[in-house]
Structure formats: C-alpha cells, structure tokens
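J.:
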Amino acid sequence: MMCSGRVDMAHILRAFAKGADGVFIGGCRLGECNYTTHGNYHAANLTSLCKKILEHIGLNPQRLQIGFMSGGEGNLFAATVDDFCKTIKELGPIGRAGEISPAQLRVALAEVTRLVPYIKIVKHTKLTARLEDAADYDNHFSLEEIEQLFGEVVSYYIDPAKCQACMICSKRCPVEAIEGGKSQIHVIDQDKCIKCGTCLHACPSRFGAVTEIVGDPVPPPLPVEKRTILRTGSKGNKKNTPTKRALP
Ligand code: SF4
Ligand code: SF4
68 MMCSGRVDMA
78 HILRAFAKGA
88 DGVFIGGCRL
98 GECNYTTHGN
108 YHAANLTSLC
118 KKILEHIGLN
128 PQRLQIGFMS
138 GGEGNLFAAT
148 VDDFCKTIKE
158 LGPIGRAGEI
168 SPAQLRVALA
178 EVTRLVPYIK
188 IVKHTKLTAR
198 LEDAADYDNH
208 FSLEEIEQLF
218 GEVVSYYIDP
228 AKCQACMICS
238 KRCPVEAIEG
248 GKSQIHVIDQ
258 DKCIKCGTCL
268 HACPSRFGAV
278 TEIVGDPVPP
288 PLPVEKRTIL
298 RTGSKGNKKN
308 TPTKRALP
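So, in structure tokens, the structure goes:
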C-alpha cells in the first residue's frame, strides 16, 4: 500500500486467516509523514491494538510487528525484516508452541473480523492518538482493556411492540442486516449485524423501537408469520404516525 495508514485491521486479520505465520508493516518514521494525515501514527495505534487482540485470542503477539524507517534506509529495512523472519521461524507455524489451534483460530478471527467496525468505533479516540515515542505504543492498549472490550460487546434489538415499519433503519443499515418491509415489523439479523449503532440513532424518537443491549442475551427474533402489521383506522393518518395494530 502507498501508506501504512491505509492498512486496516481487517487486512491483518485476513492475512492470518489465510495462513500467514506473521505480518510485518513498514511505515515512515513517526513525525516525518509528508502529509497532514500522518497515517503512520494510525498504523502504530492499529498495530498496538491488533497485537493485544491476537494475544487475547491465543496467538503470540510477536507474529505482528511494525517498523518505522525512511525510503532511504534500505539497510535498516533489510535488517528489520531479517529479524522479523527469524522471530517467525523460531515461533514456527501458527498453532504450535501452545497457541490456539488453526481450527479455533479460524472461528476466532471470523468473529473478530465481524466486529472490526464496532472495535474501531469504540476505540476511536486511542486509534487516533499521536504518541511521540514508538516505544510508547507497546502499552498503548492493555490486555485487560481488550478483555473488557469483548466482554461488553453491545447488541441492537428492535422491540416488536414499538416498531412501526417505517423502514428508515433498514435503509440506513450499512450491511443489510435488518429484515423488514412495508407493514412488516423489522428484525435485526444478529449474525450480519456489525454493531455500528446506526439503527439506534436512525429510528425516530417517537417510535424508539431500537434498543441497545449490553451483557444480556438478545431476545429471539419474532417469527416471520407474526411480523405483519394490521393497521386500523388508518384513514386520515399521516405517514409514519403510529397506529393501532393487531398481530395475527
Ligand atoms: S447496528 Fe443496526 S445499522 Fe448497524 S449493522 Fe447492526 S442492524 Fe445494521
Ligand atoms: S426505524 Fe424504528 S420504527 Fe422504523 S422500521 Fe426501524 S425499528 Fe421500526
């Protein structure tokens, strides 16, 4: 990539999911970015976060490393990559040396990948920090923090008693995780939901049908045959005005 700042958490996770035993990211020296974006700080933050996530799911965090150097430091680049390759060879293929098994890793990486947008929203402040010393990134994120992050993942749920089938949330959901249609109570497919929270804010406050659930299990989805809204006394009702309804 043209800039280390373009490396996304999903790229790193995909590399491991496809069987890479290690991932190395090379970026410009901190503070020497030619652009106002300073993407190398972003890469440093992201790598720090990903290393803790790898540790959390049972991988040696040494399998992911970042190095900072200028385009004129070919010798440093060669030495850094050489050291990295030696480290990975010592660690061996993923799944050895007391790490998570490849089968378990696939499941864990798929789950973390699904949560990438959520993780980036929750950790936005720290992911945009600029620490001056590269060594400070070692402890930018803590393992306890990551355990808390995954222990308090939010879920979004549409209360069937409040949903008025206005369809606003389903149009705004970025991953088409909301099932519904005209006169159909909307339901979130929890397997598709990336927990961005858009539906919570999109649902008109007069309906307030979307709720955020932390820690507790999400109620089961309303059966398809019970999702149709039968509006009564609709003559004269304005669009999106709550109406009485009966479920078959
Ligand atoms: S939180 Fe809501 S808008 Fe975001 S992905 Fe999940 S269902 Fe869609
Ligand atoms: S925006 Fe709210 S009321 Fe409208 S369909 Fe979605 S959950 Fe139902």
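Residue numbers (this note's numbering): 68 to 315.
Note that CB positions come from ideal geometry on N, CA and C, so glycine has one too.
Just reading off the alpha helix (DSSP H) that T295 is part of, what are its end residues?
T.: Neither: T295 is in no alpha helix (DSSP H) and is coded neither H nor E.
J.: Would you mind sorting L210 into buried or exposed? The rule is 16 or more other CB atoms within 10 Å of its CB.
T.: Exposed is the call here.
J.: Give the list of continuous alpha helix (DSSP H) stretches no shorter than 4 residues that lie fully inside the segment 180-256.
T.: Taking only runs of at least 4 residues, the alpha helix (DSSP H) segments lying wholly in the segment 180-256 are 183-189, 191-194, 210-218, 235-239.
J.: Taking the alpha-carbon positions, what's the K229 to A269 distance?
T.: Approximately 14 angstroms between the Cα atoms of the pair.
J.: Would you list the residues sitting across from I133 in a DSSP beta bridge?
T.: DSSP lists I92 as partners of I133.
J.: What would DSSP say about V281, mapped onto helix, strand or coil?
T.: Here V281 sits in strand by DSSP.
J.: Measure the alpha-carbon distance for R163 versus E212 and round it to whole angstroms.
T.: Going from the Cα of R163 to the Cα of E212 covers about 26 angstroms.
J.: In this structure, how does DSSP classify I155 when only helix, strand and coil are distinguished?
T.: Helix at I155.
J.: Check whether the Cβ of C266 sits closer than 6 angstroms to any heavy atom of ligand 1, and report yes or no.
T.: C266 Cβ: within cutoff of ligand 1.
J.: For a quick check, are the C-beta atoms of I245 and I261 less than 7 angstroms apart?
T.: No.
J.: Are the CB atoms of L80 and L194 within a distance shorter than 7 angstroms?
T.: No, the Cβ-Cβ distance between L194 and L80 is not below 7 angstroms.
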